[in-house]
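**Student:** Protein chains in written order, with the working numbering: chain D, 1 to 324; chain A, 1 to 437.
Sharing a structure with you now.
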């Protein structure tokens, strides 16, 4: 592609002298392409090619007998999809269950993380002593490496010597018997708490940044018109933050829906059924039965679902902003 | 001109990088004088594994002139790393595998089969203990792995706690349960039995052992999964009831999954008994327990034996050695396997790795307790059978193991586990095997 671009230049060159001149003229035009070339190639290599391979994998029976030489794997057609989507079979039923759990998890985590982020950003909008310190502290969960943060939580959730049970039983005397935070129904609660803790600082960060760009004149003008704090927050802050929120909620949704780190670090390769969200579910399915075809089919279904949701969300929010 | 050259060069470089990733390369070391060896974690830490193996590998280099590039890989990563190596074709020359994976890994076709010439090169088939050799691969095929370290399950008991309660080591399962009940005192945080209740491998091992005792078999004659036969259900119940009905296990043990937690409870006197493989000695002693403070007997059988029940106190556990098929150093790799399974090396390594010898005239030397050595050797020789030698074995381990873990969690959180619950969980595990087939 880039070789092609240089050809007319050299072909047009009649004698050595103009040739040098013409190249000097052309090279700046070429430079941007050269600069993005590695990025384009790497993007192809890192994202597009594996994605295409994944889609291909979902149509073959890639089991332990064929992983050594993928090309010999027999064509499965839509077989993998049929297994994954058949809600009567245990695999399909589990996938559906996992999908429902993931939706609940995503809705709860995004709603709470966004509300916390917004509240904190609103509180820290006005100047007061110690604001910088609070801002920094609020960002700590986001700046910690994921693994370190989540493993600390998993220690706190331990039944025998975890901090949570210690506080509940020994300090607050709310219960007599220690509960399991990483098994059974409470596993879902624990996972959601950790995910909220991890993602709300990002909401806070984005919203704080968005609030910086709201002109103070707007607040002044609205104050003259008689708007109180609540009305200002509702109509000016939230109104001006609309574009930020559209992107922020979408990002939080995608991250949470695809969350792998939180359940993996809390529970290991197989999560308890109550907290078996989709990405860890697909992971354990591919690696448990060495059936990468089936795992790939589930991943493609997940990808399609997320594409549809993202498309709808963008369409919906764009249309509404046109009406506004 | 310069610019065009640079552009072309850059493009070619990028493309060749892409191509290199796509093409299946060969094994790691192409130099005939170097072997890459992946060792599993057999000592309390990866670093200690390196220290334990270093002198042995140096000796091999002195003997043959072949240098061994050692990588020690932890158990949580080993399986997926082997899988990745199988997929990419870029693997070590020689590697350790958990012997129960042998038939599954054999089915990938990525490993060198040991035919008669290969066996001759490593010193003959006959030098290995029969039970251990059987784990090398599926029946009727040339095995793709040979035994290296021998492990079996035994029942560890705390001598002082038993003496204080006036108890003798149990000889039947009922005695074991009674003793465990007598030794359990939740108020003091002391329980009769330690359990690694969140470990799917431990769970499937006991589901298998107790299932066999109750007259069950996980696979039928045709090699199809048959997890829900009454024997298998009774076997799972026997194990889960320790936590549920008998309440002789600390409920927290439902979360133990890394390996050292249950031996830790036993070593600290928080549990009076522990069912574990002989390499628990490592952890017990690291936790400060002396070999004179615990005794070992075979895991006892129900009395009377259920109909069709077999006297199985363990499966033949252990570590096998495999050679990657596309090694460039086949002869050096075979020499290395011969060296690692020689009597001298076995004797050197059995001690730090607390393993049983897998060769016929080997002596047990990982423990200074003669009775313990005898107990483990008797279990291996007379009461141990291999896990099913089928390609679906790895999937059996994970599906059934996880099903049993879920039941243990259910029991730990105070919900009773009925036969119907067990059957339903096993049925689901079986259906998953079938539709993933």
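Beta carbons are placed, not taken as given, at the ideal position from N, Cα and C, and that holds for glycine.
1) Just to confirm the assignment: which complete alpha helix (DSSP H) runs, minimum length 4, are found wholly within the segment 263 to 323 of chain D?
2) Please report whether the beta-carbon of residue 186 of chain A lies at a distance below 8 Å from any beta-carbon of chain D.
3) Any heavy atom of the ligand NAP closer than 7 Å to the Cβ of residue 276 of chain D?
4) Residue range of the beta strand (DSSP E) that residue 53 of chain A falls in?
5) Indicate the three-state DSSP secondary structure (helix, strand or coil) for residue 62 of chain D in the structure shown.
6) Checking 8 Å against the spacing of the C-beta atoms, do residue 319 of chain A and residue 98 of chain A come in under that value?
7) To the nearest angstrom, how far is it from the Cα of residue 95 of chain D to the Cα of residue 145 of chain D?
8) Would you mind telling me which residues of chain D sit closer than 8 Å to residue 104 of chain A, beta carbon to beta carbon, in chain order?
9) Measure the C-alpha to C-alpha separation of residue 365 of chain A and residue 76 of chain D and round it to an integer number of angstroms.
10) Measure the alpha-carbon distance for residue 183 of chain D versus residue 257 of chain A and round it to whole angstroms.
11) What is the DSSP secondary structure of residue 298 of chain A, reduced to helix, strand or coil?
12) Identify, in the order they occur along the chain, each residue of the same chain with its Cβ nearer than 6 Å to the Cβ of residue 137 of chain A, setting aside the five sequence neighbours on each side.
13) Are residue 150 of chain A and residue 296 of chain A close, meaning C-beta to C-beta below 8 Å?
14) Indicate whether at least one CB of chain A lies closer than 8 Å to the CB of residue 183 of chain D.
15) Is it the case that the Cβ atoms of residue 276 of chain D and residue 98 of chain D are separated by a distance below 8 Å?
16) Interface residues of chain A around residue 67 of chain D at Cβ under 9 Å?
17) Quick check on residue 290 of chain A: buried or exposed, where buried means 16 or more other Cβ atoms within 10 Å of its Cβ?
18) Between the alpha carbons of residue 124 of chain A and residue 53 of chain A, how many angstroms are there, rounded?
19) With three or more beta-carbon pairs closer than 8 Å as the criterion, would you say the segment 41 to 61 of chain D touches the segment 291 to 306 of chain D?
20) Compute the Euclidean distance between the alpha carbons of residue 327 of chain D and residue 104 of chain D, then round it to the nearest angstrom.
21) What are the boundary residues of the beta strand (DSSP E) that includes residue 271 of chain A?
22) Around the Cβ of residue 147 of chain D, are there at least 16 other Cβ atoms within 10 angstroms (buried) or fewer (exposed)?
23) Please report the residue range of the beta strand (DSSP E) in which residue 40 of chain A lies.
24) Check whether the Cβ of residue 71 of chain D lies closer than 8 Å to any Cβ atom in chain A.
25) Locate the beta strand (DSSP E) running through residue 95 of chain A, then write down its first and last residues.
26) Can you tell me whether DSSP reads residue 104 of chain D as helix, strand or coil?
27) Please state whether the Cβ-Cβ distance between residue 39 of chain D and residue 297 of chain D is less than 8 Å.
28) For the segment 413 to 432 of chain A, list every residue whose C-beta sits within 7 Å of some C-beta in chain D, in sequence order.
29) With DSSP run on the structure shown, which of helix, strand or coil describes residue 186 of chain D?
30) Relative to the alpha-carbon of residue 275 of chain A, which residue among A:347, A:89 and A:202 has its alpha-carbon at the smallest distance?
31) Quick one: grab the DSSP three-state call for residue 84 of chain D.
32) Taking the alpha carbon of residue 73 of chain D as the point to measure from, which residue in A:214, A:76, A:87 and A:80 has its own alpha carbon closest?
33) Using 8 Å for Cβ pairs, my map puts residue 253 of chain A next to residue 207 of chain A. What's the rounded Cβ distance?
34) Have a look at residue 24 of chain A and residue 71 of chain D and give me their C-alpha separation to the nearest angstrom.
35) Within the segment 138 to 184 of chain D, note down every full alpha helix (DSSP H) run reaching 4 residues or more, in order along the chain.
36) Measure from the alpha carbon of residue 229 of chain D to the alpha carbon of each residue in D:202, D:241 and D:126, then state which is nearest.
**Tutor:** Well, looking at it:
1) Whole alpha helix (DSSP H) segments, 4+ residues: 278 to 288 and 292 to 323.
2) Position 186 of the second chain, counted from the start, is the residue given in the question as residue 186 of chain A. No, its Cβ sits nowhere closer than 8 Å to a Cβ of chain D.
3) You won't find the ligand NAP in this model; it holds no ligand whatsoever.
4) As a first step, residue 53 of chain A is located in the second chain; it is residue number 53 there, counting from the start. Not the beta strand (DSSP E): residue 53 of chain A falls in the alpha helix (DSSP H), residues 46 to 64.
5) Along the first chain, one-based indexing puts residue 62 of chain D at 62. Three-state result, residue 62 of chain D: coil.
6) Counting from one through the second chain, the residue named residue 319 of chain A turns up at place 319. Counting from one through the second chain, the residue named residue 98 of chain A turns up at place 98. Against a cut-off of 8 Å, the Cβ pair of residue 98 of chain A and residue 319 of chain A comes out as a contact.
7) By 1-based counting over the first chain, the position of residue 95 of chain D is 95. By 1-based counting over the first chain, the position of residue 145 of chain D is 145. In a straight line, the C-alpha of residue 95 of chain D is about 30 Å away from that of residue 145 of chain D.
8) For the purposes of this step, residue 104 of chain A is taken as the residue at position 104 of the second chain. Within 8 Å of the CB of residue 104 of chain A, the CB atoms of chain D belong to 64 and 290, in sequence order along the chain.
9) Reading the second chain from its first residue, position 365 is the one you call residue 365 of chain A. Reading the first chain from its first residue, position 76 is the one you call residue 76 of chain D. Straight across, the Cα-Cα distance linking residue 365 of chain A with residue 76 of chain D is about 53 Å.
10) Within the first chain, numbered from 1, the residue matching residue 183 of chain D stands at position 183. Within the second chain, numbered from 1, the residue matching residue 257 of chain A stands at position 257. Taking the straight line from one Cα to the other gives about 13 Å.
11) Taking the first residue of the second chain as 1, we reach residue 298 of chain A at position 298. The answer is coil: DSSP assigns residue 298 of chain A none of H, G, I, E or B.
12) For the purposes of this step, residue 137 of chain A is taken as residue 137 along the second chain, with counting starting at 1. Only 102, 103, 106, 143 and 144 meet the Cβ criterion.
13) Your numbering for residue 150 of chain A matches position 150 in the second chain. Your numbering for residue 296 of chain A matches position 296 in the second chain. Result no, Cβ atoms of residue 150 of chain A and residue 296 of chain A do not sit closer than 8 Å.
14) Walking along the first chain from the start, residue 183 of chain D turns up at place 183. Closer than 8 Å to some Cβ of chain A, the Cβ of residue 183 of chain D qualifies, so yes.
15) As a first step, residue 276 of chain D is located in the first chain; it is residue number 276 there, counting from the start. As a first step, residue 98 of chain D is located in the first chain; it is residue number 98 there, counting from the start. In this structure, residue 98 of chain D lies closer than 8 Å to residue 276 of chain D by Cβ.
16) Residue numbering aside, residue 67 of chain D sits at position 67 when the first chain is read from its first letter. Chain-ordered, the chain A residues with CB closer than 9 Å to the CB of residue 67 of chain D read 83, 86, 87, 108 and 110.
17) Taking the second chain and counting its residues from 1, one reaches residue 290 of chain A at position 290. Classification of residue 290 of chain A: exposed, given that the 10 Å Cβ count is below 16.
18) By 1-based counting over the second chain, the position of residue 124 of chain A is 124. By 1-based counting over the second chain, the position of residue 53 of chain A is 53. Answer to the nearest angstrom: the Cα atoms are 24 Å apart.
19) By the Cβ test, the segment 41 to 61 of chain D is in contact with the segment 291 to 306 of chain D, since at least three Cβ pairs between them sit closer than 8 Å.
20) Because chain D spans 1 through 324 in this model, residue 327 of chain D falls outside it and cannot be assessed.
21) If you number the second chain from 1, residue 271 of chain A lands on position 271. Note, residue 271 of chain A: beta strand (DSSP E), 271 to 277.
22) Position 147 of the first chain, counted from the start, is the residue given in the question as residue 147 of chain D. Answer is exposed; the Cβ neighbour count stays below 16.
23) Here residue 40 of chain A refers to the residue found at position 40 of the second chain. In the DSSP assignment, residue 40 of chain A falls within the unbroken beta strand (DSSP E) covering 34 to 40.
24) What you label residue 71 of chain D is simply residue 71 of the first chain in a count that begins at 1. Residue contact check for residue 71 of chain D against chain A: no CB pair falls below 8 Å.
25) Position 95 of the second chain, counted from the start, is the residue given in the question as residue 95 of chain A. 94 to 98 is the span of the beta strand (DSSP E), which, as asked, contains residue 95 of chain A.
26) For the purposes of this step, residue 104 of chain D is taken as the residue at position 104 of the first chain. Of the three classes helix, strand and coil, the one that applies to residue 104 of chain D here is helix, per DSSP.
27) Translated into the one-based positions of the first chain, residue 39 of chain D becomes position 39. Translated into the one-based positions of the first chain, residue 297 of chain D becomes position 297. No, Cβ-Cβ distance for residue 39 of chain D and residue 297 of chain D is not below 8 Å.
28) Only those residues of the segment 413 to 432 of chain A whose C-beta falls short of 7 Å from the nearest C-beta of chain D are listed: 413, 428, 431 and 432.
29) Start at 1 with the first residue of the first chain, and residue 186 of chain D comes out as number 186. Helix.
30) Sequence index remark: in the second chain, residue 275 of chain A carries index 275 (1-based). The shortest Cα separation from residue 275 of chain A among A:347, A:89 and A:202 belongs to A:202.
31) Walking along the first chain from the start, residue 84 of chain D turns up at place 84. Three-state DSSP puts residue 84 of chain D in a helix.
32) Locating residue 73 of chain D in the first chain gives position 73, counting from the first residue. Closest option to residue 73 of chain D, Cα to Cα, is A:87.
33) Your numbering for residue 253 of chain A matches position 253 in the second chain. Your numbering for residue 207 of chain A matches position 207 in the second chain. That pair is no contact at about 16 Å.
34) Counting from 1 along the second chain, the entry for residue 24 of chain A is found at position 24. Counting from 1 along the first chain, the entry for residue 71 of chain D is found at position 71. For residue 24 of chain A, the predicted structure reports a pLDDT of 36, less than 50, and the residue's modelled location is therefore unreliable. A value from the coordinates is still provided. Cα to Cα, the separation comes out at about 12 Å.
35) Correct list: 140 to 143 and 146 to 156.
36) Position 229 of the first chain, counted from the first residue, corresponds to residue 229 of chain D. The shortest C-alpha separation from residue 229 of chain D is found at D:126.
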